[in-house]
Amino acid sequence: MTRRSSPILQVALPVPLRRHFDYLAHEDMPEKFLQPGMRVLVPFGKSTQQTGIVIGASSTSNVAMHKLKRIIKVIDHQPLFDPAHFELLRWTSEYYHYPLGELLFSTLPVALRNGKAAELPSVVVWKIRVPLNDQRPAIPVRARKQQALFDLMQLNACGLSEQELTSNFANWRGPMQALLERGLVESQSRPASTAANNHAAIKVTLNEEQQHAFDVIRSDLSSAKRFLLDGITGSGKTEIYLEVINHIVRQGKQAMLLVPEIGLTPHFIARIRERINARLVVLHSGLSDSERLQSWLEAREGCADVILGTRSAVWTPLKAPGIFIVDEEHDPSYKQQESFRYSARDIAILRSNYANVPVILGSATPSLESLHNVDLDKYKRIVVSGRVDNAVLPDYHVIDMRTRKASNPLSEPLIIAIRKVLEQKKQTLLFLNRRGYSPVLMCHHCGWVNTCSRCNLPLTYHKQRNLQICHHCGSQARPAPACPECHKAELLQIGYGTERITEVLADLFPAATILRIDRDTTRRKGSMENFVDRINSGEADILVGTQMLAKGHHFPDITLVGIIDADRGLYSADFRASERMAQLITQVSGRAGRAKDPGMVMIQTHFPAHPLLTTLLQHDYHTFARLLLQERKSVNLPPYSYMALLRAESFEQNMPVTFLHTAVTLLNNQTTELEISGPFPAPIEKRSGKYRFQLLLQSDNRMRLQKALLAWVYDLEHLPLGKKIRWSLDVDPQEML
Ligand code: ADP
Ligand code: ZN
Ligand code: ZN
């Protein structure tokens, strides 16, 4: 290491290496103007340029001075985020053991990753000049146009943009110039914001329980308090969020509201708009790159009061954060399941810490982690126990499928119930968490099953598109007309997806309007809004949907919910499966009877006496959750212990195993305090042609686990084999697939 007088800039680049890169400052831009968080363009590799982010400066480098390259260009005039946000990103990088460069870039809108300017376009705004004394120069009587323009401007004290002037006053430039010369008006440029300030009309009076919840939250707004808003579906939690958000916005602060599913955003946009006078921006993957950038910038500049979004919105910097709210906090979609495997719920909690403002986690079916945190006094639980307007929770009916014909996906009692609902002109929701037509295509003669050659798993048949699609890697093929093994043309469709159930229903109820709502039918922009409209207008009779439909929606006319297959959660390799099943059943059931009419839930299962199912149905989610918590405690599983999962995959079958064995040796050299299981093949052993293995680490002490990971990841990165395969570390894994 050599000491240098001129500081060296440390730059993070989007590469999978846990290190930064050193550069010299640009000749025209001395390093003192370069602050952490500013983007720069740097030479990287042989002939490429790369956008990087300055993360610090130092007077020394491991690279010899004459070998250091110079920054090509400075992209930003100011850091992308403030020091506190930057600190949070650094902390996250350490916690998830994810390279800082990759992390910084993955939290940015794509447009910023690509080097687009981080500035809101500015608009020129004209406004009346306030004179120092009351002596305003007069406008001559003959100058009627000037007077008219002046009158218009007086009505708009905050100023009018040139665009607004053009649409309100023909040929305004001439008279404006005259007013300017008289010293009556002035122009300034300000960032153009699209976050519309609306005029909310609807007022809601909170009921007693809601008011209590609101009071508890309001009394503690100036600390990083964590609230678990635990209220059954339809208890009015959203209304409480809105009240809190309104309160925060009136104080001039910003509120961030996260929802688990992009399909829920139209619903929340509408409810926010009708209740709160605020500038709202939305952030989710359905936006174009430039829309996303715009929302991000408006949040950062403080032009937006309310930031509504899905998982990745949690990374949006805020100018004046006032509260973070995570709706349906138990939802697995808050955990990103690829590359940077963060939990948006946990990041929201972290952000509340850094900003010293509260976070509200809301759910009708809180995660076991959150319930455990209540036990530990880390979260304050607020219960909302009644349904708005005293709507009652639905009745459950378990239908034993063992006694029925296996070829019928819908049991007789369910069909009768649907018929009755149709007669009453109410709506039925049928839940099936499997899209497509049928999950297995099998030869009737030799038993051949059409599988994905890259994953060794059955392909799902999609009838409308006439494709066999692998739901694991996405590969597609035209369905074979005959069996490739025995050449007979009798192929059987085994099992039911949403597409096929819809077909069965159409046969049974030809006059009914049936909507299928899943990822396949909601791909187009606006399609979810369209479905929601058709449901709310009463046009739809039967809804068939995947978990998309289980979440958050409020459809008052649904009186019957049918769960077509409840069995998948009862026996599964994943220890979280039963928690997920209970949440899903409770959530789906919560869609029934949300208004005046009582609801009914019918659950089809082959295990009607399964203790988990009976506990859930005879009692409630909370009794069930207590039981699960005891179980987890007795076998020392999360939330009573902490996990990290090291995954490795490669086209070469042996490499991942060898890599993981080496990883075990490295870890054993370092500590004996962790429980190590594996290497095991992943539950989905082959995906996209790659063989997949994993190693599970566990400890009842989070710090101990973290400490071990820190040194270990660094070692792994330097293993030669680690460069030949793909590996990743998942801290707090949520699924083992
Ligand atoms: P949750 O989020 O707990 O499922 P919501 O906040 O969506 O419940 O409330 C369910 C329904 O009841 C919504 O249509 C909402 O507008 C209505 N609602 C909630 N609180 C009130 C209230 N205090 N007065 C009147 N209607 C309410
Ligand atoms: Zn065959
Ligand atoms: Zn596949």
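Mind the numbering: the sequence shown is residues 198 to 934 in this note's numbering, read in order. Idealized CB from N, CA, C, for every residue including glycine.
Here residue 874 is bridged, per DSSP, to 893. Taking C-alpha positions only, residue 787 is separated from residue 208 by approximately 50 angstroms.
When C-beta atoms of the region 612-620 are compared with those of the region 706-714, three or more pairs fall below 8 angstroms, so the two segments count as touching.
DSSP, read as helix, strand or coil, puts residue 574 in coil. Across the set 598, 848, 819 and 806, the C-alpha of 848 shows the shortest separation from the C-alpha of residue 885.
Contact between residue 498 and residue 388 holds: CB atoms are separated by about 6 angstroms, below the 8 angstroms threshold. Separation of residue 478 and residue 504 (C-alpha to C-alpha, rounded to the nearest whole angstrom) is 5 angstroms. Only residues of its own chain outside the window of five on either side were considered, and among them 663, 664 and 665 have a CB closer than 8 angstroms to the CB of residue 675, listed in chain order.
A Cβ-Cβ contact shorter than 8 angstroms links residue 490 with residue 309.
Judged by DSSP secondary structure, residue 343 falls within the alpha helix (DSSP H) whose first and last residues are 341-352. Looking from the CA of residue 781, the closest CA among 683, 529 and 910 belongs to 529. Sorting 218, 441 and 456 by C-alpha distance to the C-alpha of residue 449 places 441 at the top. Distances taken from the Cβ of residue 402 to the heavy atoms of ligand 1 include one shorter than 7 angstroms. Per the Cβ contact rule, the region 555-565 is in contact with the region 516-526 (3 or more Cβ pairs under 8 angstroms). Within the DSSP secondary-structure output, residue 323 pairs in a beta bridge with 357 and 384. The residues 883, in chain order, have a CB closer than 6 angstroms to that of residue 653 in the same chain once the five nearest residues on each side in sequence are set aside.
The C-beta distance from residue 268 to residue 206 rounds to 7 angstroms, short enough to meet the 8 angstroms contact threshold.
About 4 angstroms separates the beta carbon of residue 445 from that of residue 519, a gap short enough to meet the 8 angstroms contact definition. Residue 460 is positioned such that its CB atom lies closer than 8 angstroms to that of residue 719. Contact between residue 579 and residue 424 holds, with the beta-carbon distance rounding to 6 angstroms and staying under 8 angstroms. Judged by DSSP in its simplified three-state form, residue 551 adopts helix.
Membership of residue 756 in the beta strand (DSSP E) is indicated by the continuous run 755-760. Listed by position along the chain, the residues with Cβ atoms less than 6 angstroms from a non-hydrogen atom of ligand 2 are 640, 642, 643, 645, 680, 682, 683 and 685. Within the same chain, Cβ atoms closer than 6 angstroms to the Cβ of residue 759 are found at 611, 627 and 799, the five residues on either side in sequence being excluded. Note: residue 267 is bridge-paired with 221 in the DSSP secondary-structure output. As computed with DSSP, residue 840 is found in a beta bridge with 895.
Taking the Cα positions, residue 910 is about 7 angstroms away from residue 294.
The beta carbons of residue 840 and residue 921 sit no closer together than 8 angstroms. Non-local C-beta neighbours of residue 804 in its own chain, meaning closer than 7 angstroms and more than five positions away in sequence, comprise 764, 767 and 810, ordered along the chain. Bridge pairing for residue 659: 664 [DSSP]. For the set 857, 356, 510 and 434, the Cα lying nearest the Cα of residue 320 is the one of 356. Here residue 236 is not near residue 253, since their CB atoms are 8 angstroms or more apart.
In this structure, DSSP gives residue 784 a helical state, which the three-state scheme calls helix. Contact between residue 346 and residue 369 holds: their C-beta atoms lie close to 6 angstroms from each other, under 8 angstroms.
According to the DSSP secondary-structure assignment, residue 625 is paired through a beta bridge with 739 and 757. Rounded to the nearest angstrom, the Cβ distance from residue 801 to residue 596 is 5 angstroms, consistent with a contact under 8 angstroms.
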